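In terms of the working numbering, the sequence shown opens at residue 151 and continues consecutively. Just so it is clear, CB atoms sit at the ideal spot from N, CA and C, and this is done for glycine as well. Being a predicted model, the structure only gives us computed values, none of them experimental. Structure record follows, encoded as structure tokens.
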Amino acid sequence: MIEKRVTQNEFGEPVLTIKIVGVTDVYRFARLMEHGQVEFCHKGRLTLRSLAKQIGRKNFKELVGSLERGFTEPDWSKRYFDEDAATEGKDA
Numbered sequence: 151m152i153e154k155r156v157t158q159n160e161f162g163e164p165v166l167t168i169k170i171v172g173v174t175d176v177y178r179f180a181r182l183m184e185h186g187q188v189e190f191c192h193k194g195r196l197t198l199r200s201l202a203k204q205i206g207r208k209n210f211k212e213l214v215g216s217l218e219r220g221f222t223e224p225d226w227s228k229r230y231f232d233e234d235a236a237t238e239g240k241d242a
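So this is what it looks like as structure tokens:
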């Protein structure tokens, strides 16, 4: 489910709020963000990595498989876990 609302902040500037509920909708929205501008790409990747952690490797792989039929990159879901492994312990 996707809800959107346009309001104004205290300076009269428009504010767009998008509320996305559900694993499938969150995944699809984040996937689309990856193909946008740089700021959106980064947020999309972070969202997908968070989703992968939250639902687990097996469930994420199944979700990706069902939503990405025909995608050319082999084992595409693995990349989100590999990025985490490569960056773990490098907080300093």
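Annotation: the region 154 to 225 contains the following complete segments of the alpha helix (DSSP H) (minimum length 4 residues), in chain order: 173 to 183, 188 to 205 and 207 to 217. Only residues of its own chain outside the window of five on either side were considered, and among them 180, 183 and 184 have a CB closer than 6 Å to the CB of residue 194, listed in chain order. The count of Cβ pairs closer than 8 Å, one atom from the region 197 to 210 and one from the region 154 to 161, stays below three, leaving the stretches out of contact. The alpha-carbon of residue 155 is positioned some 15 Å away from that of residue 171. Cβ-Cβ distances below 6 Å link residue 190 to 183 in the same chain, with the five nearest sequence neighbours on each side left out; the list follows chain order.
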